[in-house]
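According to my numbering, the sequence shown holds residues 292 to 505 in order.
Each residue gets a CB set at the ideal place from its N, CA and C atoms; glycine is no exception.
No experiment lies behind these values; they were computed from the predicted model shown.
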Amino acid sequence: MEEVNSTRTKSLGAMLFVIAIAHLMGGCGFIANQPLEISLAPKVSTPSINIGAGAKVYLSVLDQRTEKILGYRWDVANWQGLALEVRGAISASKDVAEVIQKSLKDGLTSLGFVTLTALDPSAPKLEVAVQHLRYSLKLAGEGRLDVNGAIVGKVYKDDTPLYEKSYDYSLYDYSPRYRSALIHRSYFEEYFNAALSDLMGQLLADLELIKALR
Numbered sequence: 292m293e294e295v296n297s298t299r300t301k302s303l304g305a306m307l308f309v310i311a312i313a314h315l316m317g318g319c320g321f322i323a324n325q326p327l328e329i330s331l332a333p334k335v336s337t338p339s340i341n342i343g344a345g346a347k348v349y350l351s352v353l354d355q356r357t358e359k360i361l362g363y364r365w366d367v368a369n370w371q372g373l374a375l376e377v378r379g380a381i382s383a384s385k386d387v388a389e390v391i392q393k394s395l396k397d398g399l400t401s402l403g404f405v406t407l408t409a410l411d412p413s414a415p416k417l418e419v420a421v422q423h424l425r426y427s428l429k430l431a432g433e434g435r436l437d438v439n440g441a442i443v444g445k446v447y448k449d450d451t452p453l454y455e456k457s458y459d460y461s462l463y464d465y466s467p468r469y470r471s472a473l474i475h476r477s478y479f480e481e482y483f484n485a486a487l488s489d490l491m492g493q494l495l496a497d498l499e500l501i502k503a504l505r
């Protein structure tokens, strides 16, 4: 009988502990453990010059990331001497490949290229693969920000590879202000859009890739 009472007491204690943690993370405004959906709207700055001279190109963007979430926002909660690390997933509100395709199409158009809606064997094909796009934010002490991205651009003509190059982006920083920015969606959107804009800007500024498209 004593064993039964002891088990019930432990179960009750565990339940109260869970309730307390839920209150700590939710009722007290702690939101790092909640999922966050952000809007991706990268802007690619390209000069309005007719370098493409009306050349036709078929654009294809592939999302080859093994994990589709964009990362996590982190924090460490302290409750009665216990340090509890929690995290909430960050995801995009729209398909990442579609967002990149639209921005790259706008960039190619500003350079004087004509993007095709259907594959044409007589026109070169630009295939862009998103291989990595990751954001992590850990708030312990000062706070650590880590943003990384990588895309690969490939140009084909009649299934013959003409050009290939990888473009990388990395931002690594420490700052105490990250804790106050934890709740703001715009904070995460700012860094992700900056990463995508930089990656696509590198690709569209690659003169060897532009030559291969012509």
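In or out: residue i buried (at least 16 other Cβ within 10 Å) or exposed?
i    : result
V405 : exposed
P412 : exposed
Y463 : exposed
R476 : exposed
What does the alpha-carbon distance come out to for the pair residue i and residue j?
i    : j    : result
Y454 : L436 : 34 Å
L495 : K448 : 18 Å
A486 : V421 : 12 Å
R364 : N341 : 43 Å
N324 : L361 : 15 Å
I381 : I329 : 7 Å
R356 : G379 : 19 Å
E480 : D497 : 26 Å
A441 : E358 : 14 Å
Y460 : Y478 : 18 Å
V309 : N484 : Here V309 scores only 48 on pLDDT, less than 50, and its place in the model is too uncertain to base an answer on.
D450 : Y458 : 22 Å
Rounded to the nearest angstrom, how far is the Cβ of residue i from that of residue j, given a contact under 8 Å?
i    : j    : result
V419 : L504 : 12 Å between Cβ atoms; not a contact.
L331 : K385 : 6 Å
S401 : S339 : 5 Å
V390 : L424 : That belief does not hold up - the Cβ atoms of V390 and L424 are roughly 11 Å apart, past 8 Å.
Using a Cβ-Cβ cutoff of less than 8 Å, which residues in the same chain neighbour residue i once the five nearest sequence positions on both sides are dropped?
i    : result
Y482 : Y426, L436, V438 and L462
V348 : L399, F404, V405, T406, L407, A414, P415, K416, L417 and L504
D397 : V335
A409 : Y349
P452 : K445 and V446
L353 : A388, E418, V419, A420 and V421
G343 : L399, L402, G403, F404, V405, I501, L504 and R505
Is residue i helix, strand or coil by DSSP?
i    : result
R476 : helix
K385 : coil
G403 : coil
Q493 : helix
Q392 : helix
E418 : strand
L331 : coil
K502 : helix
N439 : strand
Excluding five sequence neighbours on each side, which residues of the same chain lie with their C-beta closer than 7 Å to the C-beta of residue i?
i    : result
S394 : P333, V335 and M491
G345 : G403 and V405
L500 : G444, V446, Y454, K456 and L494
T337 : G398, S401, L402 and L495
K502 : none
What does a CB cutoff of less than 6 Å around residue i pick up in its chain, not counting 5 residues either side in sequence?
i    : result
S351 : E418
Q392 : V352
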